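Numbering (the numbering used here), first residue to last: -15 to 178. Heads up: the structure comes next, in structure tokens.
Structure, rendered in structure tokens:
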């Protein structure tokens, strides 16, 4: 499986600390304590940061090796996170409808195919309570072409999520990567479940 292979090494998104965009959402009070689902959580840095800040966190990733590493980190850092191996396109098999107050996505949406995107949006909508928040950080079409995942436009984000969410904003942001802090242009989405 591709994702397990990626985690055998040091993938460029695996920076050993939480993405600053999500830290800023906590500091601003925009990301409020409650039940949070971290989709595509990888080795768990964002999930662990949320748990340290009093959130009840579940992290899901399809890569078994990443989840094993995330569990080890949580134990080492003395935080409780429910990490599970699972497919985000089939979360209806794992979680109850409306189970979470918030869903965060740090770099998952931009690896979805055109066919997977509406399925993904429906799954996020389903696991969120009415009025729940969805925060997404994805590669922006302002990022020059080349290495890395496909770039996403604001129009693509709106087209995918507007049927299920009221979009609060899509603003310019950055991704930290192994290439350096703020090294990749991104969009940060804030949306509320309809």
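We put the CB at the ideal spot given by N, CA and C, even for glycine. Note that the coordinates shown come from a computational prediction; the quantities given were computed from them, not determined experimentally.
Query                                                                                            : Result
DSSP bridge partner residues for residue 174 (one or two, in chain order)                        : 119, 153
Pick from 160, 170, 120 that is closest to residue 22, judged by C-alpha positions               : 120
8 Å Cβ cutoff met for residue 32 and residue 52                                                  : no
Own chain residues within Cβ distance below 6 Å of residue 83, not counting five before or after : 111
For residue 113, the nearest candidate out of 95, 101, 144, 79 (CA to CA)                        : 79
As assigned by DSSP and simplified to three states, the class of residue 90                      : strand
Limits of the unbroken beta strand (DSSP E) element including residue 9                          : Per DSSP, residue 9 belongs to no beta strand (DSSP E); it is in the alpha helix (DSSP H), 4 to 11.
Between the CA atoms of residue 48 and residue 19 - distance to the nearest angstrom             : 23 Å
CA-to-CA distance, residue 175 to residue 150, given in whole angstroms                          : 6 Å
CA nearest to the CA of residue 148, picked from 2, 106, 129                                     : 106
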